[in-house]
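**Student:** I have a structure here, written as structure tokens, and I will follow up with some questions on it.
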Amino acid sequence: MGTEIDLTGASRDAIRDRLYEQFDDGEAGDTFHLIADQVPGFTLLRYQIERNVQLSWDVIREADEVRVAIVVEGDLAADAFPDFDVRVMPPQRRHEVLLEGFDELVPEEGFVLVNDHDPKPLYHELQSTRGDTFEWEYLDEGGREWRVAIEKTEESTAPDDDIITRYDVRQIPKSERHPSIHHRYGMIPEGEAMEIVAPHEPRPLKQEFQQRYGDAFEWRIVEQEPGRVAVRITKRADVDDEDAEASSCAGEDAHHVHHASEGLDGDQEASSGADEDLPVEVSQELDVREYPPARRHELIFQAYDDLERGEAFVLVNDHDPKPLYHQFTSEEGPEFHWQYRQKEPGEFRVLVGKVEPKDQEASSDPAEEGTPF
Numbered sequence: 001m002g003t004e005i006d007l008t009g010a011s012r013d014a015i016r017d018r019l020y021e022q023f024d025d026g027e028a029g030d031t032f033h034l035i036a037d038q039v040p041g042f043t044l045l046r047y048q049i050e051r052n053v054q055l056s057w058d059v060i061r062e063a064d065e066v067r068v069a070i071v072v073e074g075d076l077a078a079d080a081f082p083d084f085d086v087r088v089m090p091p092q093r094r095h096e097v098l099l100e101g102f103d104e105l106v107p108e109e110g111f112v113l114v115n116d117h118d119p120k121p122l123y124h125e126l127q128s129t130r131g132d133t134f135e136w137e138y139l140d141e142g143g144r145e146w147r148v149a150i151e152k153t154e155e156s157t158a159p160d161d162d163i164i165t166r167y168d169v170r171q172i173p174k175s176e177r178h179p180s181i182h183h184r185y186g187m188i189p190e191g192e193a194m195e196i197v198a199p200h201e202p203r204p205l206k207q208e209f210q211q212r213y214g215d216a217f218e219w220r221i222v223e224q225e226p227g228r229v230a231v232r233i234t235k236r237a238d239v240d241d242e243d244a245e246a247s248s249c250a251g252e253d254a255h256h257v258h259h260a261s262e263g264l265d266g267d268q269e270a271s272s273g274a275d276e277d278l279p280v281e282v283s284q285e286l287d288v289r290e291y292p293p294a295r296r297h298e299l300i301f302q303a304y305d306d307l308e309r310g311e312a313f314v315l316v317n318d319h320d321p322k323p324l325y326h327q328f329t330s331e332e333g334p335e336f337h338w339q340y341r342q343k344e345p346g347e348f349r350v351l352v353g354k355v356e357p358k359d360q361e362a363s364s365d366p367a368e369e370g371t372p373f
């Protein structure tokens, strides 16, 4: 059974006070059922660290709320770090929660990040924005469960400016630069900006952005001196859907890896008989038009996570969900499939699925082909 705690509409401070009070009265094996607007990830992390206890959780997302089942696993060993499983969170929230969680650590505190893919972009982000203030150790690699121990070794200061993150590519291996930047760009909200620091203007990256995202971003050099150039990339929120769609079509070659098995890319119109060629079973139609944007993303990513290979769902949205496509390609492997079914004002239909990956073509990433950057 367990204790039910309704946190819908509560402030962050109220959520913290309520959970700490309930958890402090719990014992190993107790279960708490939270009803909330979103997973209170930061509070769960801080409780585990401050109380030296391990919690585990599972999430069910419903139309207007999130249900979180939390189990008290027991006390941690004296020198152990708690697991912090972010796989239940929408990708857009993960870096936000992890960076905030890291900033609250004091030296010698830490946690074991549990993620569904290699979190190397987070490593580069911490290195670029917090410097040499942490240790990073892979405990488990591969599959859908990556485990990394992150320990703060000295005090750090978060950037105090109007950008959401920064990557200094001078500190990143060439083969990891573009994937890390695209991964993080896919997560930032519209209207926000990230900054890239490089030894010179990264024109191959700019060209790649133009190919992938069309007019949906702004590229501006904000600082330039010998050996150092800072470029601010803003995800635009003022792009007309049709213009953004048309301008991004030219660059879909960069994503053929996700659609090679079907022989069509993410921007092609699907014929009425597309199901005959696509080896997936459609499990549901997900109409998100009645929900606010943040909630839409949660529902869509949850639906995708619930798919097995060979399954798909039909996403129905009131505008072209192209930015979501780019986020998926940054996050997911070659099993990801995206196929437009309908493009009409007020109603876009997209088949989103997981297919059996086949042998992939060589990467078209300039960083992997030996170009300067």
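Note that the UniProt record's numbering has the sequence shown beginning at 1, numbered continuously upward.
Heads up, the beta-carbon is just placed ideally off N, CA and C, and yes, glycines get one too.
As the structure is a computational prediction, the values presented were derived from the model and not from experiment.
1. What is the residue span of the beta strand (DSSP E) that H337 lies within?
2. Cutting at 6 Å between CB atoms, please list the residues of its own chain near S272, excluding the five before and the five after it.
3. Is F81 helix, strand or coil by DSSP?
4. State the CB to CB distance for the pair K152 and F102, rounded to an integer number of angstroms; the pair is presumed to be in contact (CB under 8 Å).
5. Enumerate in chain order the residues of its own chain whose CB-to-CB distance from N115 is below 7 Å, with the five nearest sequence positions on each side excluded.
6. Starting from the Cα of A193, find the closest Cα among R289, W219, D25 and give me that residue.
7. With a CB to CB cut of under 6 Å and the five nearest residues on each side skipped, what residues in its chain are close to G26?
8. What ranges does the beta strand (DSSP E) occupy inside the region 82–161, keeping only unbroken runs of at least 3 residues that lie completely in it?
9. Do V288 and A312 have their CB atoms nearer than 8 Å?
10. Can you say whether V169 is buried or exposed, counting buried as having 16 or more other CB atoms within 10 angstroms of its CB?
11. Between the beta-carbon of F32 and the beta-carbon of G2, is there less than 8 Å?
12. What's the C-alpha gap between S56 and P82?
13. Quick check on G74: does DSSP put it in helix, strand or coil?
14. Quick one: Cα of T43 to Cα of A14, how far?
15. Could you tell me how far apart the beta carbons of T165 and E100 are, in whole angstroms, since I believe they sit closer than 8 Å?
16. Spatial neighbours of T157 within its chain, please: CB distance less than 8 Å, with the 5 preceding and 5 following residues excluded, ordered by chain position.
17. Quick one: give me the first and last residue of the alpha helix (DSSP H) that A36 is part of.
18. How about F217 and R203: are their beta carbons less than 8 Å apart?
19. DSSP three-state label for I164, please.
20. Look at the alpha carbon of R309 and the alpha carbon of Q211, and state the distance between them as a whole number of angstroms.
21. Could you check which residue in V68, I35, D64, L19 has the C-alpha nearest to that of R51?
22. Does the beta carbon of R94 sit closer than 8 Å to a beta carbon anywhere in chain B?
23. Please return the same chain residues whose Cβ sits closer than 6 Å to the Cβ of Y138, not counting the five positions on each side in sequence.
24. Can you check whether the CB of V59 is closer than 8 Å to the CB of V53?
**Tutor:** The structure says:
1. 336–344
2. In this prediction, S272 has a pLDDT of 31, which is less than 50 and means its spatial position is unreliable; nothing more can be read from the coordinates.
3. coil
4. 7 Å
5. V86, R87, W146
6. W219
7. V72
8. 83–85, 110–115, 134–140, 146–152
9. no
10. buried
11. yes
12. 10 Å
13. strand
14. 11 Å
15. Not really, about 12 Å apart at Cβ, beyond 8 Å.
16. R130
17. Counting along the chain, A36 falls outside any alpha helix (DSSP H), though it belongs to the beta strand (DSSP E) covering 31–36.
18. no
19. coil
20. 29 Å
21. L19
22. The structure shown contains no chain B; it holds only a single protein chain.
23. V148
24. no
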